[in-house]
Amino acid sequence: MKVQIYPASVSGLDLRQGWAGNSPKKLSLLAARRGGSSLSQAQRRSLRASLESPFAGHSRKMRICSVFTFVAYCCLLKAFTITVPKDLYVVEYGSNVTMECKFPVDKQLNLLALVVYWEMEDKKIIQFVNGEEDLNVQHSSYSQRAQLLKDQLFLGKAALQITDVKLQDAGVYCCLISYGGADYKRITLKVNGKTYYS
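Residue numbering for the sequence shown follows the UniProt record's numbering, starting at 1 and increasing by one per position.
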């Protein structure tokens with residue numbers, strides 16, 4: 001499978017393909033193009049070759065490898081780091097929770113240049129691209145319960161709110177943000193079980 005590499009002048013470079021069309025490595029190339037930083041020819045060839053691999057994204061091991069490669073390529077981008085106020089949330093079954101990642105915003109936020117992904121293992125929760133949240137990719141178990149708090153984006157916060165928390169919501173969440181540069185963080189959610197009274 002060939003992955004088209006668009007000219008640097010095209011903004012959004014393949015972001016409209018959605019979740020499946022954008023691996024972390026590809027997102028790092030997008031961020032490099034948007035942020036104006038440049039990769040060497042050798043680095044570009046290496047990145048293109050890895051993107052064109054027919055096995056990209058098809059196994060858990062390959063996915064983990066992609067994440068580590070993504071981090072390595074982030075070092076080549078202009079400084080962009082996201083932070084998390086907490087990396088562990090413990091909530092009660094049936095309650096609400098808001099997990100957040102903070103990202104740097106200079107002056108006014110350009111929503112069209114911002115990309116936010118939230119996922120838990122293989123479940124897609126949030127895909128925010130081109131100023132819009134795409135609910136078509138959202139896993140059914142989060143339907144009507146998970147949302148990105150848009151007003152918080154202007155404060156440099158990608159806040160994921162989950163209402164009526166279920167036991168199966170427990171796990172490790174990944175927040176990936178591209179805005180000039182690209183970075184990701186992991187957050188663990190623990191859910192205390194139901195309490196029964198006799």
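Don't be surprised by glycine CBs; every beta carbon is placed ideally from N, CA and C.
Note to self: Looking only at its chain, what residues have a beta carbon closer than 6 angstroms to the beta carbon of A146, apart from the 5 residues adjacent to it on each side?
What the structure shows: Mapped onto the sequence shown, residue 146 falls at position 146. Setting aside the 5 residues that flank it on each side, A146 is surrounded in the same chain by I125 and I162, each with a C-beta closer than 6 angstroms to its C-beta; the list follows chain order.
Check: Beta carbon of V116, beta carbon of A158: below 8 angstroms?
Finding: Here residue 116 is taken as the residue at index 116 of the sequence shown, counted from 1. Here residue 158 is taken as the residue at index 158 of the sequence shown, counted from 1. Yes, Cβ-Cβ distance for V116 and A158 is below 8 angstroms.
Margin query: Quick check on G36: buried or exposed, where buried means 16 or more other Cβ atoms within 10 Å of its Cβ?
Written below: Here residue 36 refers to the residue found at position 36 when the sequence shown is read from its first residue. Its pLDDT being 43, under 50, G36 is placed unreliably in this model, and the value from its coordinates should be taken loosely. So G36 ends up on the exposed side.
Notebook entry, point to check: For F154, which option in L88, N96, C101 and P85 has the closest C-alpha, if you only look at C-alpha atoms?
Noted result: For this step, residue 154 is matched to residue 154 along the sequence shown. Nearest neighbour of F154 by Cα position, chosen from L88, N96, C101 and P85, turns out to be C101.
Note to self: Check for me: the beta strand (DSSP E) holding Q161 runs from which residue to which?
What the structure shows: For the purposes of this step, residue 161 is taken as residue 161 along the sequence shown, with counting starting at 1. Run containing Q161: K157 to I162, per the beta strand (DSSP E) assignment.
Notebook entry, point to check: Are the segment 86-97 and the segment 180-195 in contact at 8 angstroms, needing three or more beta carbon pairs?
Noted result: At 8 angstroms Cβ cutoff, the stretches touch.
Check: Which term fits K166, buried or exposed, when burial requires 16 or more other beta carbons within 10 angstroms of its beta carbon?
Finding: As a first step, residue 166 must be located in the sequence shown, where it is residue number 166. K166 is exposed by the Cβ-count criterion.
Next item on the list: Kindly list the residues whose CB is nearer than 8 angstroms to the CB of Q152, restricted to its own chain and excluding five residues on each side of it in sequence; keep chain order.
Entry: Along the sequence shown, read from residue 1 onward, the residue named residue 152 stands at position 152. E100, A158 and A159, listed in sequence order.
Checklist line | Buried versus exposed, by CB contacts within 10 Å (16 or more), G180 | finding: Residue mapping note: residue 180 aligns to position 180 of the sequence shown, counting from 1. Its Cβ being crowded by 16 or more others within 10 Å, G180 is buried.
Check: Across which residues does DSSP place E121 in a beta bridge pair?
Finding: One-based indexing of the sequence shown puts residue 121 at position 121. Answer is none; E121 lacks a bridge partner.
Next item on the list: Please work out which residues of its chain come closer than 8 angstroms, Cβ to Cβ, to Q168, disregarding the five sequence neighbours upstream and downstream, and give them in chain order.
Entry: For this step, residue 168 is matched to residue 168 along the sequence shown. Excluding positions up to five away in sequence, the list reads S141.
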